[in-house]
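Just so you know, the sequences run in chain order A and B. Quick note: to get the numbering used here, add 28 to the position in the first sequence (first position is 1). Quick note: to get the numbering used here, add 12 to the position in the second sequence (first position is 1). Every residue gets a Cβ at the ideal spot worked out from N, C-alpha and C, and that includes glycine. Everything below concerns the one structure shown next.
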Amino acid sequence: MSVSEAASSEAIDGGSGSEFRRGVMSCVPVLLGTTPYALVLGAQATQKGLSAVELPLMTGLNFAGGSEFAAIQLWTSPPHIALIVAITFLVNSRHFLMGAALAPFLGHLPQRKAFAALFFLCDESWALGLADAKQRTEAGITPAFSLRYYMGAALAMYLAWVGFTAAGALLGPMLGDVQHYGFDMAFPAVFLVLMRGMWKGMAAARPWLVSLVVAALVYLFVPGAWYVAAGAVSGLASAWLMAGDA
Amino acid sequence: MIGAATLLTIVLMAGVTYLTRIGGYVVLRNRTLSARATAVMEAAPGCVLISVIAPAFVSRNPADLLALAITFVAATRLSMLPTVLIGVASAGLLRHFIR
């Protein structure tokens with residue numbers, strides 16, 4: 029077998045090690061955007077009085093960045109436990125939809141593996157795993173969902189998030205404002221590329237437009253993190269209504 | 013190094029977050045969905061992703077909007093890494109030069 033044959037067969041359904049590596053590599057562009065956010069979160073947490081042990085404990089057990097930023101914004105000493113837990117739930121409620129979208133692809137996994145894999149579900153690992161599963165479906169590969177690919181992407185994300193939030197907590201006072209360098213644009217870039225991969229024509233994308241408009245309006249006029257929930261729910265409602273036309 | 017109230021908050025945060033992660037899977041793993049519900053589920057990933065980044069589309073900073081437009085065009089024709097590099101570089105440069 030030539031090198032190129034080996035590479036192409038690996039790219040589709042290679043050995044377990046190469047699947048894991050493929051997942052790690054696909055996560056690299058995402059980490060460009062994640063790392064500055066993690067450092068900023070760490071730096072903000074120390075200003076609110078969290079220690080360099082407490083913060084990585086939070087990011088390691090919770091592992092959902094948006095809710096951690098919200099928690100740190102609301103943090104007092106001692107913390108308002110009910111408020112922070114409720115906001116955490118609200119910010120992360122989109123995971124219900126994400127898990128539901130992934131559920132049809134997890135049927136071949138034993139429950140304990142599925143429950144372990146879902147601990148590492150974040151916007152990025154989910155989007156990469158789901159996009160990969162859809163591509164493999166179209167290529168006729170079974171099972172469509174590659175657990176090792178997903179875990180490669182998810183663990184790269186996990187280690188970077190916990191590691192760099194801890195580093196941010198330690199280095200916080202020395203860091204300037206990293207937002208100025210444009211790294212935050214990595215997230216729209218990653219999400220837009222992933223959405224292009226899911227593109228099925230203008231008609232199928234109408235609910236996305238509804239989500240965008242509603243989320244943007246709610247973001248402008250309603251304080252807090254309601255815009256994610258409002259945008260997602262209104263998009264789904266429009267998909268429900270438009271499904272009748274087809 | 014670890015306060016009791018802080019530890020309790022963190023553990024409860026982790027608990028509710030994990031519930032959101034397994035919720036969709038637990039509810040749907042043994043169901044067959046109607047055509048309408050399938051259409052909703054197919055729209056869901058895009059709806060969630062676009063909602064998360066919606067604030068970028070209504071930035072009051074012209075440099076950010078221009079960088080987003082450049083990133084959008086890049087995303088329609090390039091793969092992940094070049095798109096991310098173009099997005100970050102254009103945002104960084106435009107914020108520096110447009111004030």
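{"Asked": "What's the gap between the Cα of residue 102 of chain B and the Cα of residue 138 of chain A?", "Found": "45 Å"}
{"Asked": "Does the distance from the C-beta atom of residue 192 of chain A to that of residue 61 of chain A stay below 7 Å?", "Found": "no"}
{"Asked": "Contact check, residue 125 of chain A vs residue 243 of chain A under 8 Å by CB: the rounded distance?", "Found": "Wrong, their Cβ atoms sit about 14 Å apart, outside the cutoff."}
{"Asked": "Helix, strand or coil: which one does DSSP assign to residue 165 of chain A?", "Found": "helix"}
{"Asked": "With a cut-off of 7 Å, does the C-beta of residue 252 of chain A fall near any C-beta of chain B?", "Found": "no"}
{"Asked": "At which residue ranges does the stretch 200–261 of chain A contain complete alpha helix (DSSP H) runs of 4 or more residues, listed in the order of the chain?", "Found": "214–225 and 230–249"}
{"Asked": "Helix, strand or coil for residue 73 of chain B? Go by DSSP, reduced to three states.", "Found": "coil"}
{"Asked": "For the alpha helix (DSSP H) that contains residue 33 of chain B, what are its first and last residues?", "Found": "16–40"}
{"Asked": "Could you pull the start and end residues of the alpha helix (DSSP H) that residue 136 of chain A belongs to?", "Found": "Careful: residue 136 of chain A lies outside any alpha helix (DSSP H) and carries neither H nor E."}
{"Asked": "Helix, strand or coil, according to DSSP, for residue 84 of chain B in the structure here?", "Found": "helix"}
{"Asked": "Alpha carbon to alpha carbon, how far is residue 39 of chain A from residue 25 of chain B?", "Found": "At residue 39 of chain A, the pLDDT of 49 sits below 50, so the modelled position is not reliable; the number obtained from the coordinates is stated separately. Each residue's Cα considered, the two are about 38 Å apart."}
{"Asked": "Less than 7 Å separating the beta-carbons of residue 198 of chain A and residue 80 of chain A?", "Found": "yes"}
{"Asked": "Figure out for me which residue from A/85, A/64 and A/46 has the closest Cα to the Cα of residue 200 of chain A.", "Found": "A/64"}
{"Asked": "How many angstroms separate the CA atom of residue 20 of chain B from the CA atom of residue 109 of chain A?", "Found": "8 Å"}
{"Asked": "Go ahead and label residue 166 of chain A buried or exposed: buried means 16 or more other beta carbons lie within 10 angstroms of its beta carbon, across all protein chains shown.", "Found": "exposed"}
{"Asked": "Can you tell me the Cα-Cα spacing of residue 34 of chain A and residue 56 of chain B, whole angstroms?", "Found": "Confidence at residue 34 of chain A is low in this model, with a pLDDT of 38, below 50, so its placement is unreliable and no value can be given for it."}
{"Asked": "Indicate whether at least one CB of chain B lies closer than 7 Å to the CB of residue 181 of chain A.", "Found": "no"}
{"Asked": "Let me see if you follow: with CB-CB separation under 7 Å, is residue 69 of chain B close to chain A or not?", "Found": "yes"}
{"Asked": "What is the DSSP secondary structure of residue 171 of chain A, reduced to helix, strand or coil?", "Found": "coil"}
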